[in-house]
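Undergrad: First residue of the sequence shown? That's 2 in this note's numbering, and the numbers climb one at a time after it.
Using N, Cα and C, we set each Cβ at its ideal position, and we do this for glycine too.
Input: one structure, supplied below.
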Amino acid sequence: METNQLSDFLKKRIRTVRDWPKPGINFRDVTTLFNDPEAFRVMIEAFAMECTLREIDVIAAIDARGFIIGGALSYQLHKPFALVRKKGKLPYTTIEESYTLEYGSATIEINTDACKPGQRVLLVDDLIATGGTLLASAKLFQNISAEVVGVAAIIDLPELGGSDKLREANLPVHALCAFSESE
Ligand code: AMP
């Protein structure tokens, strides 16, 4: 599917929940894509193409919706899957990074053996808002000497500036579609 066509196809199938989890936030709910086998497949194929182009060694995904995409992608490409989890969930040795969100703040962790030094990692999540989560995730992988080759998300919210911030940090961004605040 061609890029504009893919974007329209996905946007039509993403549910917007207004004023959730608090007034003023338009929550872009991707469970409607996960619930639609055709949309899910189209989405994973698009991410898989990106991974192949970038010669990825490891797929790393963000807790929790990122896991659904990352798991399917990793299975499709026969590539290792690394987890970025909220603090306190991983039982083995971890490193952590704290950051601010569009709403609130958070700390995330990865296992110290999430990937090997020099491996090419693609970070995957459902959505880029402020970019804080993906930027903190990139730092974690860089701290264990991985090469973070880019970030991929279903949705970009460009007005929140996250994708620009990621590009400024030399992280190429691949988003399958974008929503403006007014949509
Ligand atoms: P950020 O770190 O600000 O880029 O936030 C990204 C994370 O927060 C993603 O994992 C999203 O799942 C979630 N998120 C932030 N804003 C929204 C939104 N408007 N709709 C849906 N998810 C959101």
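Determine the contact status of Ile111 and Val152, defining contact as a CB-CB distance below 8 Å.
TA: As a working mapping, residue 111 is identified with position 110 in the sequence shown. As a working mapping, residue 152 is identified with position 151 in the sequence shown. Remark: C-beta atoms of Ile111 and Val152 do not approach each other more closely than 8 Å.
Undergrad: Once the 5 residues before and after Thr101 are set aside, which same chain residues still bring their CB inside 6 Å of it?
TA: By one-based count along the sequence shown, residue 101 stands at place 100. Around Thr101: Gly133.
Undergrad: Below 8 Å CB to CB, which residues in the same chain sit around Leu7 once its five sequence neighbours on both sides are set aside?
TA: The residue labelled residue 7 in the question sits at position 6 within the sequence shown. Excluding positions up to five away in sequence, the list reads Val43, Ala47, Leu177, Cys178.
Undergrad: Using alpha carbons as the reference points, say which of Pro159, Cys52, Phe142, Ala137 lies closest to Gly119.
TA: In the sequence shown, residue 119 corresponds to position 118, counting from 1. Nearest option by C-alpha distance: Phe142.
Undergrad: For Ile57 and Ile109, what's the separation of their Cα atoms in angstroms?
TA: Numbered from 1 along the sequence shown, position 56 holds the residue referred to as residue 57. Numbered from 1 along the sequence shown, position 108 holds the residue referred to as residue 109. Cα to Cα, Ile57 sits roughly 22 Å from Ile109.
Undergrad: Please work out which residues of its chain come closer than 7 Å, Cβ to Cβ, to Cys77, disregarding the five sequence neighbours upstream and downstream, and give them in chain order.
TA: Start at 1 with the first residue of the sequence shown, and residue 77 comes out as number 76. The question names Cys, but residue 77 is Gln in the sequence shown. Within the same chain, Gln77 has close Cβ partners Ile45, Ala49.
Undergrad: Tell me the residue span of the alpha helix (DSSP H) that contains Asp165.
TA: Taking the first residue of the sequence shown as position 1, residue 165 is located at position 164. Per DSSP, Asp165 belongs to the alpha helix (DSSP H) from 163-169.
Undergrad: On the CB-based measure, 16 or more other CB atoms within 10 Å of its CB, does Val18 come out buried or exposed?
TA: Reading the sequence shown from its first residue, position 17 is the one you call residue 18. Around the C-beta of Val18, fewer than 16 other C-beta atoms lie within 10 Å, and the residue is accordingly described as exposed.
Undergrad: What residues in its chain sit with their C-beta under 7 Å from that of Leu172, if we drop five residues either side in the sequence?
TA: Indexing the sequence shown from 1 puts residue 172 at position 171. Hits under 7 Å: Ala139, Val149, Gly151, Val152.
Undergrad: Which residues does DSSP list as the beta-bridge partners of Ala153?
TA: Residue 153 sits at position 152 when you count from the first residue of the sequence shown. In DSSP, Ala153 forms a bridge with Val125, His175.
Undergrad: To the nearest angstrom, how far is it from the Cα of Lys88 to the Cα of Asn5?
TA: The count along the sequence shown starts at 1 and reaches residue 88 at position 87. The count along the sequence shown starts at 1 and reaches residue 5 at position 4. Near 37 Å, if we compare the C-alpha coordinates of Asn5 and Lys88.
Undergrad: Rounded to whole angstroms, what is the Cα-Cα separation between Gly105 and Glu160?
TA: Numbered from 1 along the sequence shown, position 104 holds the residue referred to as residue 105. Numbered from 1 along the sequence shown, position 159 holds the residue referred to as residue 160. Looking at the two C-alpha atoms, the distance is approximately 18 Å.
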